[in-house]
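Let me begin by presenting the structure, written as structure tokens, before commenting on it.
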Amino acid sequence: MSDRFDLTGRVALVTGASSGLGRHFAKVLSSAGAKVVLAARRVDRLEALAAEIEAAGGEALAVAMDVTKADTIQAGLEATIAKFGGPADIIVNNSGLSREDWFTSMDEDDFDLVMDTNTKGVWLVARTFAGALTKAGKPGSMINIASVAGKRVGYTMSAYCASKAACEHMTRAMAVEMARYNVRVNAIAPGYFETEINDTFLNSDEGEKMRKRVPMRRFGEHEELSGPLLLLASDAGSFMTGATLVVDGGHMWSSL
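The numbering of the sequence shown is the numbering used here, which starts it at 1 and goes up by one.
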């Protein structure tokens, strides 16, 4: 059964790989045998991660990419093909950010930045990399990182919630369109996992109140996303498309 999770010979793109969940996803995919393309704006961090992966026996390529800029995504595709001989056949759309404020006070530029990164960025990366897969006639798997915030709402999170809800619904639309090309499209919706985006909040008094509302009474550990990631990336999930795996310690179903 372990062979079903083996990614040897596969090439995986991870956006937002310079920190947090993206960094973890890249290391997990590499440990399963994939060659990894590390994409983000902070290239120095990517190069350090690439060196770490290669020291462990893997193969990695660091590429500068801003998911809101189509030309940088295209450049990333071209670099991937030049390095590994073809487009990535595992695509992890992980780049994301948040700007929080009451919706009546939020700056329009902040709203646009959240939507451009979390929603349009997913679409731009998918259009470029999944499009390259169909042209090459290769099967593949795309995994969009959504959020439980796309299913429920929280104060001052209107833009983030909207962007992640759109990401998840777009995943389903992409799955229907890509199924005929044998490219699966799924999503993971994490609950609260500590990253650079939320560490200040999670370690505050308000964060402690949030932790107590999680039925498992704790936040997630990065490693607890490894299984869902490998399931969707590998042949173990070969008949899954258009699905969203919620990984949140039961937070979605906590009592009102």
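Beta carbons: idealized from backbone N, C-alpha and C, even for Gly.
The structure displayed is predicted, hence computed values, not measured ones.
(request) Provide the residue span of the beta strand (DSSP E) that contains SER141, from first to last. (result) That run of the beta strand (DSSP E) goes 140 to 145.
(message) What does the alpha-carbon distance come out to for the pair SER255 and LEU97?
(response) Their Cα atoms are separated by approximately 28 Å.
(message) Would ASP101 and THR171 qualify as a contact pair, given that the criterion is a beta-carbon distance under 8 Å?
(response) Using a Cβ distance threshold of 8 Å, ASP101 and THR171 do not count as a contacting pair.
(request) Could you have a look at ASN118 and say whether DSSP puts it in helix, strand or coil? (result) Here ASN118 sits in helix by DSSP.
(message) Threshold first: 3 residues or longer. Then list the beta strand (DSSP E) segments lying entirely within the segment 168 to 226, N to C.
(response) Counting only runs of 3 or more, we get 183 to 190.
(message) Quick check: VAL92 and THR195, are their CB atoms within less than 8 Å of each other?
(response) No, they are not a contact pair.
(message) When you compare the CB positions of PHE12 and VAL37, do they come within less than 8 Å of one another, or not?
(response) Position check: residue 12 holds Ala in this sequence, whereas Phe was assumed. For ALA12 and VAL37, yes; Cβs fall inside 8 Å.
(request) Output the boundary residues of the alpha helix (DSSP H) element that contains THR156. (result) For THR156, there is no enclosing alpha helix (DSSP H), as DSSP gives it neither H nor E.
(message) Less than 7 Å between C-beta atoms, sequence neighbours within five positions excluded: which residues of the same chain meet that for MET240?
(response) These residues qualify, in order along the chain: ARG184, ASN186, LEU232.
(message) Tell me which residues share the same chain as GLY220 and place their Cβ nearer than 8 Å to its Cβ, disregarding the 5 neighbours each side in the sequence.
(response) PRO190, GLY191, TYR192, PHE193, VAL247, ASP248, GLY249.
(request) Evaluate contact between the segment 68 to 81 and the segment 119 to 135, counting only Cβ atoms and requiring at least three cross-stretch pairs below 8 Å. (result) Touching, yes.
(message) Please tell me whether ALA82 and THR72 are closer than 8 Å, where the distance is taken between their beta carbons.
(response) No, the pair does not count as a contact, with Cβ atoms beyond the cut-off.
(request) Could you pull out every residue in the same chain whose Cβ sits closer than 8 Å to the Cβ of TRP123, ignoring the five residues on either side in sequence? (result) Residues MET170 of the same chain have their beta carbon placed closer than 8 Å to that of TRP123, with the five preceding and five following residues left out of the count.
(request) Answer yes or no: do ALA166 and THR134 have a C-beta to C-beta separation smaller than 8 Å? (result) In this structure, THR134 does not lie closer than 8 Å to ALA166 by Cβ.
(message) Does PHE25 pass the burial test, meaning 16 or more other C-beta atoms within 10 Å, or should it be called exposed?
(response) By the 10 Å Cβ count, PHE25 comes out buried.
(request) Can you give me the start and stop residues for the alpha helix (DSSP H) that THR8 sits inside? (result) Note, THR8: premise wrong, no alpha helix (DSSP H); not H, not E.
(message) Taking the beta carbon of MET216 as the centre, do at least 16 other beta carbons fall within 10 Å, making it buried, or is it exposed?
(response) Burial call: exposed.
(message) Along the chain, where does the beta strand (DSSP E) containing VAL247 start, and where does it finish?
(response) It spans 244 to 247 - the beta strand (DSSP E) in which VAL247 sits, taken as one unbroken run.
(message) Output needed for LEU229: all residues of its chain with C-beta closer than 8 Å, excluding positions within five of it in sequence on either side, in chain order.
(response) Result list for LEU229: PHE25, VAL28, LEU29, VAL92, ILE143, ILE188, in chain order.
(request) List the endpoints of the continuous alpha helix (DSSP H) containing VAL43. (result) Note, VAL43: alpha helix (DSSP H), 43 to 55.
(message) Among the candidates VAL148, ALA70, SER226, SER18, whose CA atom is the shortest distance from the CA of ALA50?
(response) For ALA50, the nearest C-alpha among the options comes from SER18.
(message) Can you give me the C-alpha to C-alpha distance between ASN94 and THR104, rounded to a whole angstrom?
(response) Each residue's Cα considered, the two are about 28 Å apart.
(message) Short of 7 Å in beta carbon distance, which residues of its chain neighbour ARG23, apart from the five on each side in sequence? Order them along the chain.
(response) Only residues of its own chain outside the window of five on either side were considered, and among them ALA17, LEU49 have a CB closer than 7 Å to the CB of ARG23, listed in chain order.
(message) Using CA atoms only, rank isn't needed, just tell me which of GLU52, VAL148, ARG99, GLU59 is closest to ILE197.
(response) Of the candidates GLU52, VAL148, ARG99, GLU59, the one whose C-alpha sits nearest the C-alpha of ILE197 is ARG99.
(message) Just to check my reading of the structure: LYS35 and PHE84 have Cβ atoms closer than 8 Å, yes? What is that Cβ distance to the nearest angstrom?
(response) 6 Å between Cβ atoms; contact.
(request) Using beta-carbon positions only, say whether GLY242 and ALA175 come within less than 8 Å of one another. (result) The answer is yes: Cβ separation under 8 Å.
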